[in-house]
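> Supplied in structure tokens, the structure appears directly below.
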Amino acid sequence: NNSNNGPATSESNNLPLARSSSGSAFRKPKAHIGSKDINFMEQSILLRSETAGPAAQTKADIELLAKNRGNAMLRYKEKKKTRRYDKHIRYESRKAKADTRKRVKGRFVKASDAPDG
């Protein structure tokens with residue numbers, strides 16, 4: 001049951017705040033939503049988020065995320081060691097076509113536009 005309360009808590013954290021910010025409570029001072037109602041919603045959110053179930057689950061999630069991040073950092077550092085920045089040709093056929101095409105100042109031009117010279 002605690003696992004079901006976890007996502008519900010995160011959803012309930014978002015819903016009242018989105019309603020109060022997008023509603024007319026801040027635009028018009030004489031709105032039907034009073035400040036007492038908003039305070040009550042904020043207090044109920046705080047009480048729900050302080051329960052022991054989601055806190056224990058969050059701690060396990062944080063440890064898992066830290067472990068995954070550590071593995072990703074190790075993989076990143078290993079791959080970084082083997083990087084090559086030298087020039088290499090990936091497609092021989094493209095290189096062959098580029099070598100046979102006409103160029104003017106290093107740029108490709110149509111054969112009809114190329115100046116004879």
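With the UniProt record's numbering applied, the sequence shown covers 1 to 117. Note that the Cβ used here is the ideal one computed from N, Cα and C, for glycine as well.
#1: Is DSSP giving arginine 83 helix, strand or coil here?
#2: Beta-carbon within less than 8 Å of alanine 60's beta-carbon, same chain only, minus the 5 sequence neighbours each way: which residues are those?
#3: Is the Cβ-Cβ distance between lysine 95 and isoleucine 89 less than 8 Å?
#4: With DSSP as the reference, label arginine 103 as helix, strand or coil.
Considering the structure as presented:
#1: coil
#2: none
#3: yes
#4: strand
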